[in-house]
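Just so you know, UniProt numbering puts the end of the sequence shown at 332, numbered straight through with nothing missing.
All residues carry an ideal CB built from backbone N, CA and C; glycine is no exception.
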Amino acid sequence: MGDRERGSAEEKTALLAGTKDVEASSQTSATGAGKPIAFGLGVTGLVIIYYALCSSTMLVINKVAIYNLPCPIFLLCVQLFSSALVVWVGNKAGAVQADSIDWPKLKKFIWVVLGFLGTIFANIKVLQHANVETFITFRSSTPLVLSLCDYLFLGRALPSARSWASLLVLLGGSVGYVMVDSDFHVDAYYWLMLWYVFFTFDTVYVKHMCDTVKMTNWSRVYYTNALALVPLLCALPMTGEHLKLAAIDWTPAVLMPLVLSCLMGVCMSHSAYLLRDTVSATLFTIVGILCKIITVVINVLIWDKHATPTGIAFLLVCVLAGTFYEQSPRRT
Numbered sequence: 001m002g003d004r005e006r007g008s009a010e011e012k013t014a015l016l017a018g019t020k021d022v023e024a025s026s027q028t029s030a031t032g033a034g035k036p037i038a039f040g041l042g043v044t045g046l047v048i049i050y051y052a053l054c055s056s057t058m059l060v061i062n063k064v065a066i067y068n069l070p071c072p073i074f075l076l077c078v079q080l081f082s083s084a085l086v087v088w089v090g091n092k093a094g095a096v097q098a099d100s101i102d103w104p105k106l107k108k109f110i111w112v113v114l115g116f117l118g119t120i121f122a123n124i125k126v127l128q129h130a131n132v133e134t135f136i137t138f139r140s141s142t143p144l145v146l147s148l149c150d151y152l153f154l155g156r157a158l159p160s161a162r163s164w165a166s167l168l169v170l171l172g173g174s175v176g177y178v179m180v181d182s183d184f185h186v187d188a189y190y191w192l193m194l195w196y197v198f199f200t201f202d203t204v205y206v207k208h209m210c211d212t213v214k215m216t217n218w219s220r221v222y223y224t225n226a227l228a229l230v231p232l233l234c235a236l237p238m239t240g241e242h243l244k245l246a247a248i249d250w251t252p253a254v255l256m257p258l259v260l261s262c263l264m265g266v267c268m269s270h271s272a273y274l275l276r277d278t279v280s281a282t283l284f285t286i287v288g289i290l291c292k293i294i295t296v297v298i299n300v301l302i303w304d305k306h307a308t309p310t311g312i313a314f315l316l317v318c319v320l321a322g323t324f325y326e327q328s329p330r331r332t
């Protein structure tokens, strides 16, 4: 194996283990620039594809799972337990590397868990009360706020004029969608605003944790899911969902989406931490928005709970505008 091939393999292994910050060491771009590893793509490009595949399908799978099993807290508990269990078993078998619980890291991770819990719970509630396009479009406006957070808290420069224009078009598309939303619900938009607050905090703080607390990505997945499971298990009896569960007919139509959501939950957690390690908080969010175009296509094909053609057109404006965003460099 040549020096270049050996270097690429070591770089890939280090990132997948969570022990190397590719962005800081090589300043690779979101297009996968840098040493090619597979199919002409660098580490960053492969991580983006991995995350995009998970993100584009997770939303639709969750929507179907909640429709057939209207117990969001129970669904979250099963997903969190499955993810933590997979990492624990994988670590015992030597397939993955995860650190044992460490108190100093645990104290810092409590805020990660709070942001994570708030985000995923509000996410589930939004999917209960609104269509998928509503959620995606509101998410499209988050980069405007995150670009300022990158500057204020994470040492990034302010976006370029081109990037500001891209973010403003994203916001304009979001406003246009809200005006023609075919499934407007006041309670849904209340949950959307709550999700907005939690998502912004979670994105910024987790990026800070990835930059400052060195641990493997599987350890981050294990910490997040295992710690988040505890308060949800305590809250489960108070939600009254046990009454709904007793009346559920556990047919394949209920079990299949549940199992798929658990499997995708593991991949989603791991791919998200890999991508956070690689790019800025703002670009991480924009990548998530752009890959949701696949979600829209799947949603239109299999689901009748989507927006009008005009609403989808505004959504496409949001998604296309995100392609013109350029990641801001770190300030010296």
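- Here G155 has R330, R331 as same chain residues with Cβ atoms under 6 Å from its own Cβ, once five neighbours each way along the sequence are excluded.
- At least 9 Å separates the beta-carbon of W103 from that of Y222.
- For R139, the secondary structure class from DSSP, reduced to helix, strand or coil, is helix.
- Relative to the Cα of G45, the nearest Cα in the group F74, V279, F314 belongs to V279.
- Taking a cut-off of 8 Å for Cβ pairs, the segment 217-235 and the segment 74-83 touch, as three or more such pairs fall below it.
- For the pair A321 and Y51, the Cα-to-Cα distance works out to about 20 Å.
- Residue state for R331 is assigned as coil, using DSSP reduced to three classes.
- Within the same chain, Cβ atoms closer than 7 Å to the Cβ of A122 are found at W191, L194, W195, F198, the five residues on either side in sequence being excluded.
- It is roughly 28 Å from the alpha-carbon of L146 to the alpha-carbon of S261.
- For R156, the pairing in a beta bridge is given by DSSP as R330.
- In the DSSP assignment, Q79 falls within the unbroken alpha helix (DSSP H) covering 72-93.
- Shown here, K214 sits in coil according to DSSP, grouped into three states, outside any helix or strand.
- Taking C-alpha positions only, V47 is separated from Y189 by approximately 32 Å.
- When secondary structure is reduced to three states using DSSP, L69 falls in the coil class, being assigned neither helix nor strand.
- Counting the other CB atoms within 10 Å of its CB gives L275 a total of 16 or more, which places it among the buried residues.
- Y273: member of the alpha helix (DSSP H) spanning 252-278, first to last residue.
- Per DSSP, reduced to three states, the secondary structure at T285 is helical.
- As the crow flies, the alpha-carbon of V180 is around 8 Å from that of T308.
- Residue range 309-322 is occupied by the alpha helix (DSSP H) that includes P309.
- The continuous stretches of alpha helix (DSSP H) do not include V96, and DSSP gives it neither H nor E.
- Bounds of the alpha helix (DSSP H) holding P104 are 103-129.
- When the five nearest sequence neighbours on each side are left out, the beta carbons in the same chain lying within less than 8 Å of the beta carbon of R139 are those of F199, T285, G288, I289, K292, in order along the chain.
- Using a C-beta cut-off of 8 Å, the segment 60-80 makes contact with the segment 238-252, since at least three inter-stretch Cβ pairs fall below that distance.
- Nearest neighbour of L263 by Cα position, chosen from I49, C54, G42, turns out to be C54.
- Listed in chain order, the non-local C-beta contacts of N91 below 6 Å within the same chain comprise A98, local neighbours out to five positions each way being set aside.
- Straight-line measurement puts the Cα of K207 at about 10 Å from the Cα of F201.
- Distance between A130 and D277, taken at the CA atoms: about 31 Å.
- Ranked by Cα distance from G94, the options W218, A313, T323, V254 are led by W218.
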